[in-house]
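**Student:**
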Amino acid sequence: GLYDYSKESPLLTFSYNDSQNDDAKSCQINDVVSHPQLGLIYTVSENRKIKVFDVQAGGKLIKCIDNAHQAPISSIVFSNSGVAYATASHDGKIRFWDIRYEKAERNNACVGELSNVHDTKFGERIC
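At position 46 of the sequence shown the residue is numbered 46 (the numbering used here), and the sequence of numbers has no breaks.
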């Protein structure tokens with residue numbers, strides 16, 4: 001959620017429960033990023049999902065990309081323009097996404113992928 005440090009209280013809490021999966025570890029959020037221009041929060045998690053929340057709609061979940069990677073997703077970063085973002089997973093792959101496809105309600109906004117971009121340590125890929 002969003003937190004106001006001056007008041008020491010939450011401003012907004014996002015509901016991240018996955019009704020299809022009761023395992024709390026698989027729903028673990030690994031990274032959170034805000035869109036550079038839009039009032040959106042993107043999260044990536046162990047359950048290979050990208051979730052998009054609308055801050056101005058009270059933190060409502062507006063998009064969920066299931067199986068965005070074949071392994072847990074570790075990080076997400078936006079381009080400066082906000083049109084594209086990249087996600088990295090534990091299997092060493094980086095995927096590139098275009099939000100214009102997400103807005104068009106297409107099933108797959110992934111526009112590219114790089115494989116084996118980082119090394120394995122303790123069974124997971126590391127940068």
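No residue lacks a Cβ here, since even glycine has one placed at the ideal position from N, Cα and C.
In the DSSP assignment, the beta strand (DSSP E) including Asp54 goes from what residue to what residue?
**Tutor:** That run of the beta strand (DSSP E) goes Ile50 to Asp54.
**Student:** Around the Cβ of Ser115, are there at least 16 other Cβ atoms within 10 angstroms (buried) or fewer (exposed)?
**Tutor:** Looking at its Cβ environment, which holds fewer than 16 other Cβ atoms inside 10 Å, Ser115 is exposed.
**Student:** Compute the distance between the beta-carbons of Ile76 and Tyr85, then report whether it is under 9 angstroms.
**Tutor:** Cβ distance < 9 angstroms, so Ile76 and Tyr85 count as in contact.
**Student:** Given Ala71, which residues of its chain have a CB within under 6 angstroms of its CB, disregarding the five upstream and five downstream residues?
**Tutor:** Around Ala71: Ser89, His90 and Asp91.
**Student:** So what does DSSP say about Glu8, is it helix, strand or coil?
**Tutor:** Glu8: coil per DSSP, three-state reduction.
**Student:** By the three-class DSSP mapping on this structure, what secondary structure does Ala57 have?
**Tutor:** Three-state DSSP puts Ala57 in a helix.
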